[in-house]
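Q: Sharing a structure below in structure tokens format, with a few things to ask.
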């Protein structure tokens, strides 16, 4: 969470004369905003002119979709709500996809949304759009500025809701309301929003403690909430006190240290078999800071691992997430850190001595060792030119301990779920269940801005790279030294796998051709590398990271070595009734 300033010297109850633009910028300053992402536009130029003097860096992107992805990742790493802005109409609507992704990722964000001027609203003027209606379904709230005197008040409301409800809020302001004068006071965040969260109902915490101490085989699932609340250390304490194996929720591989002897890895698509086989045995599941999403708990590798009869203790700050997808025995509404700490205190009071269970530790170690060996064996199978798993193995083997890794959606990016291990929090920035391509690279840029000294690597397929390579210009212009690792199999491989398994190898739209990405990167001023041998991956990644410059590593991988389909639950073998299409029916495959 963002830290609130308690500097009383800055607080005044006096109203001051200022312009609306000044009131907005000073509110951003009070909120600790250091960067704003977007593309310059006439609608907000009066406010933009104040940024340099205010100490706010404007980060101009090449496409507004990238702006909200950058802000999303910046927030996940820093804890401070990201802020984006664009020209009214198309500039703001270009952010729909990335704001929707942030909304599903529960990332606090404020979208400053200039709209048509009040004298012309409803006249279908130049670049006019009903932005509020467009964003209502993909934000936590849309806040409209109805008068210039309300600009600061409405912006405070936007930040309050963004933090409280964990998601993006649209701050819609007609473009003429940046001008004029008003009298207002600039409040500090502690004066209008509360960040501290409770630990939950003590009665329910007692019930949870009883369930855990009497469980035969409890398992923890640690999620994003544990990371955001800085609660992973307390999760670890509970695991250690009762010798509970700990999995991490889908694509939150940094929610429990991978090197810990009780860690079993991620659940969800292309996760850890060790985690899945462990969770399958659970009679009690302690789910901390995770909504237990449907997609994130689907069977994988033909393992239907989510226990049907286990008693679930779910801790979440948002009551909407409790029992939303799986029935619970105990639902605790509370901050993941505070609630887990309170639960730990109850457990240690009732069970003062740590429960030793060497057999369980041995069992976990054996499951992990078998899974790790399977990952290596799969990676070491020959590929033409490189097995994508081998490329992931070589890549992850040379990354420094504190590397932040962003992952896109797609076949290779999803396979990475099994290979990515973190021992620090706020290191894994994934596209999550909204699953839009083109996420990883702009997200990596935002993550790098949040932690300028950390190594940052993006894992991206060549299809997704086509949606984000234009931002290499942004990285070069702003000197953001992210290393983009493009896994190039010349296809939309996730969809191609569907056509392999369900459509008899009939490829429609899934084969793609691209330019030599390393040369494109060089032409844009970045470093560019082409890799066609697995042994070259490690040295090249090290060289790119050491250079501390924007870099693109184009890794050619085998397009036939593909992960299983994303959504077997939503696919069916094709049936055709019309004679014209009968030859496409799955029952006639191989009979022609």
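Residue numbers (the UniProt record's numbering): 1 to 592. Cβ atoms here follow ideal geometry from the backbone N, Cα and C, with glycine treated the same way. Just so we're clear, the structure is a prediction, and the values are computed from it rather than from any experiment.
State the Cα-Cα distance for the pair residue 488 and residue 557, rounded to the nearest angstrom.
A: The alpha-carbon atoms of residue 488 and residue 557 are separated by roughly 6 angstroms.
Q: Do residue 445 and residue 70 count as a contact pair if the criterion is CB distance below 7 angstroms?
A: Contact flag set, yes.
Q: Looking only at DSSP bridge pairs, what is residue 314 linked to?
A: DSSP, once it has assigned bridges, lists 287, 331 as partnering residue 314.
Q: Return helix, strand or coil for residue 556, following the three-state DSSP convention.
A: Reduced to three states, the DSSP call for residue 556 is strand.
Q: Can you have a look at residue 583 and say buried or exposed, based on whether 16 or more other CB atoms are within 10 angstroms of its CB?
A: Per the 10 Å Cβ criterion, exposed.
Q: Report all residues from its chain with a CB closer than 7 angstroms to the CB of residue 132; omit the five preceding and five following residues, and keep chain order.
A: Excluding residues within five positions, the ones whose Cβ falls inside 7 angstroms are 142, 144, 170, 172.
Q: I believe residue 264 touches residue 367 by the beta-carbon criterion, under 8 angstroms. Please report the beta-carbon distance rounded to the nearest angstrom.
A: Rounded, the Cβ-Cβ distance is 7 angstroms, consistent with contact.
Q: Confirm, please, whether the CB-CB distance from residue 407 to residue 416 is below 7 angstroms.
A: Their beta carbons are under 7 angstroms apart, which means residue 416 touches residue 407 by this criterion.
Q: If you follow the alpha helix (DSSP H) that residue 300 is in, where does it begin and where does it stop?
A: Run containing residue 300: none; DSSP gives neither H nor E here.
Q: Tell me whether residue 545 is buried or exposed, calling it buried when 16 or more other Cβ atoms sit within 10 Å of its Cβ.
A: With 16 or more Cβ atoms within 10 Å of its Cβ, residue 545 is classed as buried.
Q: With a threshold of 7 angstroms on Cβ separation, who are the neighbours of residue 3 within its own chain once the five nearest residues in sequence on each side are excluded?
A: Here residue 3 scores only 42 on pLDDT, less than 50, and its place in the model should not be relied on; the value that follows carries that caveat. Cβ within range, chain order: n/a, list empty.
Q: Taking only three categories from DSSP, how would you classify residue 66?
A: Three-state DSSP puts residue 66 in a helix.
Q: With DSSP as the reference, label residue 31 as helix, strand or coil.
A: Residue 31: coil per DSSP, three-state reduction.
Q: Check residue 613 in the structure and name its three-state DSSP category.
A: One cannot answer for residue 613 here, as it falls past the ends of the chain, which runs 1 to 592.
Q: Label residue 123 either buried or exposed according to how many other C-beta atoms from any shown protein chain fall within 10 Å of its C-beta, with 16 as the threshold for buried.
A: So residue 123 ends up on the exposed side.
Q: Buried or exposed, going by whether 16 or more other CB atoms sit within 10 Å of the CB of residue 297?
A: Buried: at least 16 other Cβ atoms inside 10 Å.
Q: Assign residue 165 to one of three DSSP states: helix, strand, or coil.
A: Helix at residue 165.
Q: Is residue 2 helix, strand or coil by DSSP?
A: Summary for residue 2: the model assigns pLDDT 45, below 50, so the residue's position carries little reliability; its value from the coordinates is reported in the next sentence. Looking at residue 2 - three-state DSSP - the assignment turns out to be coil, as it is neither helix nor strand.
Q: Are at least three pairs of beta-carbons, each pair with one atom in the stretch 224–234 and one in the stretch 247–259, less than 8 angstroms apart?
A: Contact holds: three or more Cβ-Cβ distances are below 8 angstroms.
Q: Would you mind reading off the limits of the beta strand (DSSP E) that contains residue 529?
A: Residues 527–531.
Q: Take the Cβ of residue 441 as the centre, count every other Cβ of all protein chains shown within 10 Å, and call the residue buried at 16 or more, exposed below.
A: Residue 441 should be labelled buried.
Q: What does DSSP give as the partner residue(s) for residue 512 in the beta ladder?
A: In DSSP, residue 512 forms no bridge with anything.
Q: In or out: residue 524 buried (at least 16 other Cβ within 10 Å) or exposed?
A: It counts as buried.
Q: In three-state DSSP terms, what is residue 47?
A: Helix, per DSSP.
Q: Start and end of the alpha helix (DSSP H) containing residue 279?
A: Segment 273–280, the alpha helix (DSSP H) holding residue 279.
Q: Bridge partners for residue 587 per DSSP, in chain order?
A: According to DSSP, residue 587 bridges with nothing at all.
Q: Less than 8 angstroms between C-beta atoms, sequence neighbours within five positions excluded: which residues of the same chain meet that for residue 481?
A: Hits under 8 angstroms: 448, 456, 475, 547, 548, 549, 550, 551.
Q: My output table needs one value for residue 266: the three-state DSSP class, helix, strand or coil.
A: Three-state result, residue 266: strand.
Q: Tell me whether residue 86 sits in a helix, a strand or coil according to DSSP, three-state version.
A: The answer is coil: DSSP assigns residue 86 none of H, G, I, E or B.
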